[in-house]
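To start, the structure itself, in structure tokens.
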Ligand SMILES: *[C@@H]1O[C@H](CO)[C@@H](O)[C@H](O)[C@H]1NC(C)=O
Ligand SMILES: *[C@@H]1O[C@H](CO)[C@@H](O)[C@H](O)[C@H]1NC(C)=O
């Protein structure tokens, strides 16, 4: 009985600390939002993070491109943002709605246009160019652009972290998708069954590279996210892997 009470106390304590954790993350920041990619979001596939088909990658149409300021050279790939339309500044919101989107693409600057007339993604503007279906959950289509408030939020994913191996001998490139928690990967190491840990560097977007010869070895990865948490996926890739294959870890960040 005493044990049960202690466990219950621990559990409740955990709940409270998790509530505090999520409350602490709700710092809303003003930005603006537009949309792109068509009503079926087909134009949002193959974005600058390197996630090819967003349906396969688990993001579906809940995605956004980020302005230079938010993009951080691809460091924000995979991060999740809760976005609400600012009803105090426009009548074009759908009141009481919010959407969580994953950063999958870059919205480039366009210096041929003024920042407040088409150059929405020019620095220093904080701007979300959202998939059309995501945008339409919070705002009226006709508006085109709306003021929003956003907060970085925890990414909730189904299943493990996915590793897609591309490249060739002595040039391994790994696309990392479906990352929970912060969602934004900040460091990666790889270990072959016959080699020691070596660090990988960001090639572009969510692609990480290194020059080790890993062919024919089972592979383990250490993945760190930008909130400092890390996960080790031991032997997530079996020795018989081929370029183009995707493997999923049994663990993820939550
Ligand atoms: C949103 O857009 C309006 C109009 O261009 C601009 O005045 C405002 O500063 C923008 N907000 C942010 C946070 O960039
Ligand atoms: C996309 O967001 C909507 C609305 O919040 C949600 O119902 C849906 O499950 C999300 N889809 C995915 C794949 O996360």
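In UniProt numbering, the protein residues as written are 1 to 254. Ideal placement from N, C-alpha and C gives every residue a C-beta, glycine not left out.
Coarse secondary structure for residue i, derived from DSSP in three states
| i | result |
| --- | --- |
| residue 58 | coil |
| residue 116 | coil |
| residue 167 | strand |
| residue 186 | strand |
| residue 42 | helix |
| residue 245 | coil |
| residue 179 | coil |
| residue 250 | coil |
| residue 195 | coil |
Outcome for residue i when other beta-carbon atoms lying within 10 angstroms are tallied against a minimum of 16
| i | result |
| --- | --- |
| residue 127 | buried |
| residue 31 | buried |
| residue 133 | buried |
| residue 171 | exposed |
| residue 157 | buried |
| residue 197 | exposed |
| residue 129 | buried |
| residue 42 | exposed |
| residue 21 | Legend: pLDDT at residue 21 = 41, less than 50; position of this residue unreliable, value from coordinates given subsequently. Exposed. |
| residue 245 | exposed |
| residue 120 | buried |
| residue 39 | exposed |
| residue 117 | exposed |
| residue 57 | buried |
Bridge partners - residue i, DSSP secondary structure assignment
| i | result |
| --- | --- |
| residue 223 | 188, 231 |
| residue 29 | 150 |
| residue 218 | DSSP lists no partner for residue 218. |
| residue 210 | 172 |
| residue 201 | 209 |
| residue 237 | 219 |
Residue-chain proximity (residue i, chain C), Cβ-Cβ < 9 Å
| i | result |
| --- | --- |
| residue 211 | You won't find chain C in this structure, because it holds only one protein chain. |
> What are the complete alpha helix (DSSP H) segments, minimum 4 residues, inside the UniProt domain "Expansin-like EG45" (46-160)?
Replying inline: 68-71, 132-138
>> So, does the segment 236-246 touch the segment 159-170, judging by three or more C-beta pairs under 8 Å?
In response: yes
> Taking three-plus beta-carbon pairs below 8 Å as touching, is the segment 216-227 in contact with the segment 92-109?
Replying inline: no
> So, do the segment 40-53 and the segment 97-117 have three or more beta carbon pairs nearer to each other than 8 Å?
Replying inline: yes
>> Counting beta carbon pairs with one atom in the segment 106-116 and one in the segment 78-88, are three or more of them shorter than 8 Å?
In response: no
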